[in-house]
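Okay, so here's the structure we're looking at.
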Amino acid sequence: MKLDKIDIKILNHLASDGRIGWRELADKVGLTLTPTLRRVRLLEERGYIQGYFARLDEARLAGELVVFVSVSMDKQEQEVLVNFEQRIAQVPEVMSCFLMTGDADYLLRVVVKDLHTYQSFLANTLTRIPGIAHIKSSFALKSVLSRTAPPL
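Numbering (my numbering), first residue to last: 4 to 155.
See below:
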């Protein structure tokens with residue numbers, strides 16, 4: 004499916020306001036309600052829209068300390084990597100995890116209340132996952148940019 008200008012307008016409006024009413028969305032993209040809804044359903048079915056969610060205030064709910072953690076594994080064997088990924092997926096402080104190329108195998112974005120909580124996370128959670136050879140932490144000073152959608 005190739006996206007046209009109206010599809011892109013729909014995606015942009017939904018990315019900035021997932022609670023927009025269907026009639027308001029139709030007005031903003033210049034269609035009537037039925038074709039707008041048809042297009043939204045098709046975008047959902049084709050996987051362009053993967054879901055709707057509320058953007059929560061991380062700092063208020065989890066803490067203001069954001070840490071990017073580079074994790075190097077002692078072996079790049081499938082079993083070790085799968086085990087790490089399964090274990091890290093169960094850790095609520097880890098907001099995102101990426102398999103990387105370069106110096107580290109994984110990059111985590113961790114959100115915690117304070118430095119003491121991060122130290123506890125390291126000692127009691129991360130370092131207890133088998134197969135980790137090296138951990139490097141980088142502390143975010145401030146968020147400069149955080150987008151909710153890719154460029155369309």
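Even for Gly, the Cβ is constructed at its ideal location relative to N, Cα and C.
Using the C-alpha atoms, what's the distance from residue j back to residue i?
i, j, result
"V114", "A152", "21 Å"
"L64", "T120", "14 Å"
"S224", "E88", "The chain is shown from 4 up to 155; residue 224 falls before or after that span and cannot be answered."
"L148", "R42", "30 Å"
"Q143", "G21", "Inspection of the sequence shows that residue 143 is occupied by Ala rather than by Gln. Each residue's alpha carbon lies about 28 Å from the other."
The ligand HEM and residue i: does the residue's C-beta get closer than 7 Å to at least one heavy atom of that ligand?
i, result
"S140", "Although the ligand HEM was asked about, the structure shown includes no ligands whatsoever."
Which term fits residue i, buried or exposed, when burial requires 16 or more other beta carbons within 10 angstroms of its beta carbon?
i, result
"V85", "exposed"
"E96", "buried"
"L102", "exposed"
"L17", "buried"
"A57", "exposed"
Below 8 Å on the Cβ atoms is my guess for residue i versus residue j; work out the distance and round it to an integer in Å.
i, j, result
"N15", "L155", "6 Å"
Whose CA, out of the options, lies closest to the CA of residue i?
i, options, result
"V83", "T104, I132, I52 and R112", "I132"
"D60", "M4, M98, H137 and T128", "M98"
Handout entry: Segment contact, 8 Å Cβ cut-off, at least three pairs: the region 35-47 with the region 75-83
Key = no
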